[in-house]
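To start, the structure itself, in C-alpha cells.
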Amino acid sequence: MSSLNAKNKDAFHELASEKSGSKGPKARLRNCARPMAPGTAVGGCAFDGAKVALQPITDVAHLIHAPLACEGNSWDNRGAASSGPTLWRTSFTTDLTEIDIVMGHSERKLFKAIREIKDGYAPAAIFVYSTCVTAMIGDDIDVVCKRATDEFALPVVPVNAPGFVGSKNLGNKLAGEALLKHVIGTVEPDEPGLCDINILGEFNLSGEFWQVKPLLDKLGVRVRACIPGDARYLQVASAHRSRAAMTVCSTAFVALARKMQERWDIPFFEGSFYGISGTSEALRRIADLLVKKGADPSLLHRTEILVAEEEEKVWKRLEAYRPRLEGKRVLLNTGGVKSWSVVHALMEIGMEIVGTSVKKSTLEDRERVKQTLKEENLVFESMSPRELFSLLLERKADIMLSGGRTQYIALKAKLPWLDINQERHHAYAGYEGMVQLARQIDLAIHNPMWPQVREPAPWEQALVV
Amino acid sequence: MARVVSQTKSAAVNPLKSSQPLGAAFAFLGVDGAIPLLHGSQGCTSFALALLVRHFNEAIPLQTTAMNEAAIIVGGADRLEEAILSLKARTRPRLIGICTTASVEARDEDVAGDVENIKRKRAIELVGTEVVLANTPDFDGAIEEGWSKAVTAVIEALARPDKQYRNPRKIAILPGWNLTVADIEHLRETAVSFGLDPVILPDVSGALDGSIPEDWMPTTYGGTKLEEIRDLGATMQCIAIGEHMRRPAEALQRLTGVPYVLFRSLTGLENVDRFIRLLAAVSCKQTPLNVRRNRMQLQDAMLDGHFHMAGKKIAIASEPDQLFQFSDFFTAMGAEIAAAVTTTGTSKALEMVPAKTVKVGDLSDLESLAATADLIVTHSHGREAARRLGVPLMRVGFPMFDRFGSQHKLTILYRGTRDVIFDFANIIQANHPPNPWPT
Ligand code: SF4
C-alpha cells in the first residue's frame with residue numbers, strides 16, 4: 001500500500017493547499033478530510049467519490065475490483081445523461097468470492113475480467129477501481145493495468161481510491177489524480193481552436209449541462225471536454241489543449257484544474273451555472289479568459305449582448321413565480337457542494353434562507369455563504385436526523401431542499417421537499433434551470449395535498465367537535 | 001431436478017446480487033427499537049442505506065463503524081466499541097445488530113471475541129441494550145444468507161432456553177426476506193383468524209410500512225418486540241418460510257425444543273392448502289369463512305388467468321428461495337421456465353426449481369438467456385435488459401426502486417397468489433393483446 005499512501009498524502013496536501021481562507025493548512029486539512037466517527041455518521045467512501053467523479057465518462061467500461069458490496073449495492077443509481085454511448089451504465093465488477101481471496105486469485109481474475117470486457121464490449125478504455133478489500137490484500141492494480149494496457153493495446157486506467165482512505169470528497173480528488181496521471185495529455189486533438197474550453201466537475205445530471213451548452217455554442221465557444229458529464233474518453237485524453245477551464249462550483253476537480261494550469265498553462269476559474277447572476281458571471285469569465293489567451297476580443301462584446309438578452313427573458317418568466325415564492329422559508333441540506341450557488345439563486349427570487357449546511361463545501365464557499373447570509377447561525381455542519389427534524393419545525397421552514405438521503409426527514413415532518421442532489425429528475429442549470437427550479441419549488445410548496453395530510457384523523461377531531 | 005451451473009466469467013456484468021450485510025441489516029430492521037450497525041468502512045453502509053431507502057421510500061436507521069485506514073491496519077475493535085457506545089448514548093436502541101463486512105472479515109478479525117469483550121467491559125453502560133452479531137462477509141452469500149444469519153443470531157442470543165410453559169395458542173413464524181410488508185400482515189391476520197397468536201420474526205410490517213410516527217425516531221419502530229423473542233420458547237409450533245429460514249428454525253428448536261415445519265413457498269394453491277391445513281391442525285379450529293372465500297376467489301382467478309399463462313416462456317433471476325417461489329408457481333399455472341439465474345449456488349431450494357438448469361450469475365447472463373422469453377421476472381435492475389430485448393418485465397424482490405408500493409403488494413396465500421396471477425396476466429395482455437377484434 002505504500003504507493004497508495006504516497007498518493008493520498010499528495011491529495012491531502014492538495015486539499016490543504018487550496019487557496020483562500022485565513023486559516024492555517026492544519027485547520028483546512030481538518031475541514032476537508034475530517035474522519036467519520038464510528039456510530040454517528042454515514043457518508044460515501046473514497047471509492048464512491050472516485051466512481052461518481054469518473055463514471056459519467058460514457059464510452060468507458062468501469063470495472064470495480066471488489067467483493068460484491070461495493071458495486072452490487074451501488075450501481076445504476078445516478079442520473080447523469082449521455083448523448084451517445086451507454087456503456088458506462090453497464091456495471092462491471094470482479095465480484096470476488098472467498099475462494100478468490102483465500103487462494104490469492106484476485107489479480108489473475110482482474111486481468112481475465114479486463115480481457116472479457118475488452119472482447120465483449122469494445123470499450124474506448126477500461127477504468128479499474130481498487131476498493132477496501134483488494135487494497136488490503138495487496139493487489140497491485142497499477143501493475144495489472146499496465147500489463148493489460150500493453151497486451152491489449154487499450155488504455156486500462158488504475159483508479160486507486162479504496163473506501164477506507166477517506167471520504168467521498170477525497171475520492172473525487174483521487175479520481176482527478178488518476179486522470180492526470182494516466183489519461184489527460186495522452187492524445188493530441190485534431191483541430192485545436194482558440195475558443196476551446198474544459199468544464200470540470202460538471203456531471204450533466206438530468207442532462208442539465210445541455211441547457212448551458214447552447215449558450216456557449218451561440219458564442220462560438222467549444223467545449224472540448226466536459227469532465228465527467230457526457231464525456232468521451234478521447235475528449236478527456238486531449239483536454240490538455242483547451243485554452244481555458246471552468247470548475248463547476250464543487251470541490252471535485254479544483255485540484256485537477258490547478259495541476260492542468262501548472263502543466264499546460266490552462267487558466268481556470270471556479271464558477272457556477274446555478275442562478276441567473278451565477279450563469280452570467282460564468283459566461284463572462286469564460287470569455288475573459290479566452291480573450292486573454294488570444295481569442296478575438298469581440299467575444300467579450302458578444303457575451304455581454306447574450307447575457308443581457310437572456311437575463312431579460314428569464315426575469316420576465318420568473319415574475320410569475322415571485323409573488324408565490326417571495327418570503328417563503330427554505331432549509332438547505334445539500335451535503336454542501338452546491339450550497340453557495342443554490343443559496344444565491346434562491347435569494348434572487350426572493351426566498352428566505354433559514355439554514356444551510358456547508359458540510360462538504362470548500363473554505364471559500366463557506367465564506368461566500370456566510371457573507372451572503374450575513375448571519376452565522378444559519379450555517380451548520382452536518383446534523384443528525386433528529387436535529388434536522390427539529391430545526392425544520394423550529395425555523396418554520398416552508399420547504400427543505402436536500403438529497404434523497406434526508407428526504408424522509410422533511411416528509412415525515414409533513415413538509416414539502418425538493419431533491420437537488422444527484423437523484424433529482426429536473427435540470428436546474430443555466431437560465432432555463434432557474435425557471436425550472438422556481439417552478440418545482442412552487443409546485444412543492446403549493447401542492448393542495450399538504451393541508452390534507454396535516455388534517456387530524458376523524459377520531460381525533462371528534463373530541464374537538 | 002435442476003442442475004446448478006456455476007459462474008465461469010471473471011467479470012460480473014450488471015450484478016443481480018445485493019450484499020450479505022445488507023440482508024442482515026434488513027432483518028435487524030424487523031426488530032423493534034433496533035439499529036443495524038455495519039462493521040466496516042463507511043462506504044458500505046452508505047451504499048446499503050441508499051439502496052434500502054430507494055426501495056422502501058422510507059427513512060432507514062443504519063450505522064457504520066467507519067473503519068478508516070488506521071483501523072484497517074490495526075483492527076477494528078476500538079471503532080466497534082466506540083460505535084456501540086455512541087449509538088447507545090444517543091439513541092438508546094433496544095438492540096444493536098452488528099453485521100460484519102468484507103473489510104473486517106478479510107482481515108480475519110475475531111469480531112465475535114471483540115463483541116464479547118465489549119459486552120463484558122461495558123456491561124453497565126449497555127444495560128437495556130442487546131448487542132447481537134451476524135458474520136456476513138460480502139464475498140460470500142447475498143441478501144438471503146445475510147437475512148438468515150441475522151435471524152439465527154437474534155434467536156441464539158435472546159431466546160431463553162429454559163423449559164417453560166407452552167401456550168397452545170402461540171406460534172412462531174419465521175418469514176424469509178422475500179415476503180413483503182403486505183405478506184406479513186396477511187400472514188398475521190390469517191393466523192389470528194384461526195384464533196392463534198403469532199410471533200413473527202423478523203416483522204418488517206410495523207417498521208417499514210410507511211406509517212408516520214409523531215416524533216423523529218432514530219431507531220426502528222414496530223417490529224418484533226425483544227420480549228416476544230425471549231419468549232419464543234413458549235410457542236407451540238414454529239413455521240419457517242423459505243429454505244433459508246431452516247437455519248434459524250433449527251436454532252430455535254435446538255435451544256427451546258419448539259418443533260418447526262418448513263414451507264418452501266406460500267404462493268400457489270397447493271402450498272397454501274398445506275399451510276391452511278397446518279393452521280387448522282395447530283389451532284384445532286375450522287377454517288374461517290374469509291379464508292374459504294379467498295380460496296374460491298383464487299380458483300376463479302386460476303380459471304380466468306391460465307389462458308394467458310399456459311405455454312409462456314419465463315426468464316427469471318432472483319435469490320434462491322424467491323426463484324423457487326415464483327418458478328414453482330408459474331409452472332403450476334402452465335408456464336415454462338426458459339431461464340433461471342440466481343445469486344449463490346449453495347441453497348437446497350435450487351434443486352427444486354422446475355427448470356433444466358439454474359445458472360449462478362448476473363443480469364447479463366439473464367439477458368443472454370432471455371431473448372426469446374415472453375416475460376422477464378427480476379428486480380428493478382432488470383429494466384435495462386428488458387428494454388434492450390423488448391421483453392416485458394415483472395418486478396419482484398429487491399431492490400425495487402422504480403415502482404411505488406412494492407411493499408404493499410401481496411404475493412402469498414390465496415389472496416396473494418390471486419394478485420400475482422392478475423399481475424402476470426395483465427403484463428402479458430398489455431404486451432400481447434389477445435385476439436385482435438376482427439375488423
Ligand atoms: S467502504 Fe470499501 S468495501 Fe465499502 S463500499 Fe467503499 S470501497 Fe467498498
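Sequence lines, in order, name chains A and B.
In terms of full-length UniProt numbering, the first sequence opens at residue 1 and continues consecutively.
In terms of full-length UniProt numbering, the second sequence opens at residue 1 and continues consecutively.
By construction, the Cβ of each residue, glycine as well, lies at the ideal position given by its N, Cα and C atoms.
Being a predicted model, the structure only gives us computed values, none of them experimental.
Who are the neighbours of residue i on chain B, taking C-beta pairs under 8 Å?
i	result
P458 (chain A)	Residues of chain B passing the Cβ test: none, with the nearest at roughly 16 Å.
residue 467 (chain A)	Not covered by the structure: residue 467 (chain A). The range shown for chain A is 1 to 465.
P85 (chain A)	Here the premise fails: no neighbours, minimum Cβ distance about 14 Å.
R89 (chain A)	E384
A197 (chain A)	Correcting the residue identity first, residue 197 (chain A) is Ile in this sequence and not Ala. The premise fails here: I197 (chain A) is roughly 33 Å from chain B at the closest Cβ pair, so nothing lies under 8 Å.
E98 (chain A)	P137, F139 and D140
F92 (chain A)	A11, A12 and V13
8 Å is my cut-off, CB to CB: does residue i come that close to chain A?
i	result
P218 (chain B)	yes
T65 (chain B)	yes
E109 (chain B)	no
A370 (chain B)	no
R79 (chain B)	yes
T346 (chain B)	no
P21 (chain B)	yes
N178 (chain B)	no
L278 (chain B)	no
I72 (chain B)	yes
L126 (chain B)	no
A48 (chain B)	yes
Along chain B, which residues have their Cβ under 7 Å away from the Cβ of residue i?
i	result
A252 (chain A)	Correct list: empty, because the minimum Cβ distance to chain B is about 17 Å.
Y408 (chain A)	E58 and A59
D419 (chain A)	Those do not exist, as D419 (chain A) stays about 12 Å from chain B at its closest Cβ, beyond 7 Å.
Against residue i, what residues of chain B qualify as contacts under a CB-to-CB distance less than 9 Å, listed in chain order?
i	result
W75 (chain A)	N14, P15 and H381
C132 (chain A)	G40, S41, G43, C44, M67, I72, T101, A102, S103 and A106
F47 (chain A)	S41 and G43
I need the DSSP call for residue i, collapsed to helix, strand or coil.
i	result
N426 (chain B)	helix
F47 (chain B)	helix
V223 (chain A)	strand
P456 (chain A)	coil
R78 (chain A)	coil
V169 (chain A)	The sequence shown places Asn at residue 169 (chain A), not Val. N169 (chain A): helix per DSSP, three-state reduction.
D265 (chain B)	Reading the sequence as shown, one finds Ser at residue 265 (chain B) and not Asp. DSSP places S265 (chain B) in coil when its eight states are reduced to three.
A175 (chain A)	helix
A2 (chain B)	coil
F268 (chain A)	strand
P67 (chain A)	strand
Q237 (chain B)	strand
M246 (chain A)	strand
M352 (chain B)	helix
W88 (chain A)	helix
G318 (chain B)	According to the sequence shown, residue 318 (chain B) is Ser rather than Gly. Strand, per DSSP.
Measure from the C-beta of residue i to each C-beta in chain B and report whether the shortest distance is under 8 Å.
i	result
D59 (chain A)	no
F127 (chain A)	no
G193 (chain A)	no
I117 (chain A)	yes
A113 (chain A)	yes
A334 (chain A)	For the record, residue 334 (chain A) in the displayed sequence is Thr; it is not Ala. With 8 Å as the cut-off, T334 (chain A) does not count as an interface residue toward chain B.
E71 (chain A)	yes
D398 (chain A)	no
I266 (chain A)	no
Mind listing the chain A neighbours of residue i? Cutoff is C-beta to C-beta under 9 Å, in chain order.
i	result
V53 (chain B)	G404, R405, Q407 and Y408
Check the Cβ of residue i against every Cβ in chain A and list those closer than 8 Å, keeping chain order.
i	result
E82 (chain B)	A37, P38 and G39
Notebook entry, point to check: Whose CB is closer than 5 Å to a heavy atom of the ligand SF4? List the residues in chain order.
Noted result: Result (chain order): A:C45, A:F47, A:C70, A:T131, A:C132, A:G163, B:S41, B:G43 and B:C44.
Note to self: Assess contact between the stretch 90-100 of chain B and the stretch 154-167 of chain A, defined as three or more Cβ pairs (one per stretch) separated by less than 8 Å. Is contact present?
What the structure shows: no
Next item on the list: Report yes or no: do three or more beta-carbon pairs, one from the stretch 67-78 of chain B and one from the stretch 92-101 of chain A, lie closer than 8 Å?
Entry: no
Next item on the list: Tell me, please, whether the stretch 188-197 of chain A touches the stretch 229-244 of chain A by the rule of three or more beta-carbon pairs shorter than 8 Å.
Entry: yes
Note to self: I want to know whether the stretch 17-25 of chain B touches the stretch 136-150 of chain B - three or more CB-CB distances under 8 Å.
What the structure shows: yes
Next item on the list: Could you tell me whether the stretch 137-153 of chain A touches the stretch 106-113 of chain A, where touching means 3 or more Cβ pairs closer than 8 Å?
Entry: yes
Check: Does the count of Cβ pairs from the stretch 39-58 of chain A and the stretch 63-70 of chain B closer than 8 Å reach three?
Finding: yes
Margin query: Whether or not the stretch 265-277 of chain A and the stretch 443-454 of chain A are in contact is what I'm after, with contact meaning three or more pairs of Cβ atoms, one per stretch, closer than 8 Å; do they touch?
Written below: no
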